[in-house]
Amino acid sequence: MRLRNHLMASAVLLSLAGCASHSADTTSHMTGTTFRDTSALTVFIADILANSLTPGQTTLRLLPYEGEDPYKAEILLTDTLRERGFALSPDGMVYPGAHVVRYAVSPVGQNLLLELDVDDANATCLYGHAEDGTLLRVGSCTLRSGASIHLRIPAALSTQQTIHPQPIPTTHVDTAVSVGAQMSSHVEHWTLIEGQPIRDQMIAWADRAGWKIDWPHDLNWTVPAMTTFSGDYTSVMSDIIRTLADEGKSIRGDFHRPNHFLVISSPGGAGR
């Protein structure tokens, strides 16, 4: 799927950001996304917040999610924010000193538009898809500073996160080098969502970890119950593969760590 060019992306961001009425928005939502998109967007949101605030000293109040949430975006984002070190107000309740966070994702043609509000500051970013389905940022984000907060878009954490990263001339985007240290100091959490195919979720997890995964289409099962794992990607994936095998599934995983590539196969011949 071809991404829109940088100039068109910039025009879309500027026009939509200028039309938004943020004061009237009191709920969050994601529409037009797949599970893989949802997983990636929750990581992108957490990255922006971790790059703009001090996670270990910050409490966030997430505005309630409106509408259907089949991919459990609210849970995925909550897990990722806690992983970054943020404290969260219980059930989105008003909490002294907490920064109010709202996110809205909507389809724009073949792309997805993210609007992220933190108190009175805003970031608007456009995302498209690479040929392999990976969600990538298109161009630069449009930023609006608040009275005390200036959102900062992190430098790409991997070479595949951003396409056409040149800045819009009228927008200044700061970056910080401390994000990696902030992220690595906290335990990673990985949540399997019930009712969704495990293959889709494993591909999304690989995106998040900076890995590639080859998981056969016909080696797939629906996740029966929500389960959260803690630890690094390879350890958690090893546990999941071992658990599936213990349940009688014909599955094997070969980790190629130097190039971050995981190959899933079926010794019994069910896979390709």
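Here the sequence shown stands for residues -24 to -1, 1 to 248, where the numbers follow mature numbering (1 follows the signal peptide of the UniProt record, and there is no 0). We treat Cβ as the ideally placed atom computed from N, Cα and C, and that holds for glycine.
Kindly identify the DSSP beta-bridge partner or partners of residue i.
| i | result |
| --- | --- |
| I216 | The partner list for I216 (beta bridge, DSSP) is empty, contrary to what the question assumes. |
| N98 | D93, R120 |
| M6 | V81 |
| H232 | F237 |
| L168 | T203 |
| T198 | P173 |
| I227 | For I227, which the question treats as bridged, DSSP gives no partner whatsoever. |
| Y103 | L88, R113 |
Quick check on residue i: buried or exposed, where buried means 16 or more other Cβ atoms within 10 Å of its Cβ?
| i | result |
| --- | --- |
| N235 | exposed |
| G156 | Summary for G156: the model assigns pLDDT 37, below 50, so the residue's position carries little reliability; its value from the coordinates is reported in the next sentence. Exposed: under 16 other Cβ atoms inside 10 Å. |
| G244 | exposed |
| A106 | exposed |
| D230 | exposed |
| R113 | buried |
| T9 | buried |
| A97 | buried |
| T14 | buried |
| G171 | exposed |
| T30 | exposed |
| I240 | buried |
| S28 | buried |
| E223 | exposed |
| A201 | exposed |
| M213 | buried |
| L238 | buried |
| T18 | buried |
| R218 | exposed |
| T2 | exposed |
| P66 | exposed |
| A185 | buried |
| V163 | exposed |
| G43 | exposed |
Would you give the residue range spanned by the beta strand (DSSP E) that residue i belongs to?
| i | result |
| --- | --- |
| D190 | 188 to 190 |
Three or more C-beta pairs closer than 8 angstroms, one from the segment 27 to 47 and one from the segment 107 to 119: is that the case here? With the cut-off at 8 angstroms, the segment 27 to 47 and the segment 107 to 119 do not touch.
Going residue by residue through the segment 8 to 91, where are the continuous beta strand (DSSP E) segments of at least 3 residues, counting only ones entirely within it? The beta strand (DSSP E) runs lying completely inside the segment 8 to 91 and spanning 3 residues or more are 35 to 38, 75 to 84, given in chain order.
How do the segment 188 to 204 and the segment 59 to 76 stand: do at least 3 beta-carbon pairs fall below 8 angstroms, yes or no? These segments do not touch.
Does the segment 84 to 96 come close enough to the segment 57 to 69 that 3 or more CB-CB pairs lie under 8 angstroms? Here the segment 57 to 69 makes no contact with the segment 84 to 96; the two share fewer than three CB pairs at distances below 8 angstroms.
Please confirm if the segment 205 to 220 is in contact with the segment 39 to 53, defined as three or more CB-CB distances below 8 angstroms between the two stretches. Short answer: they don't touch.
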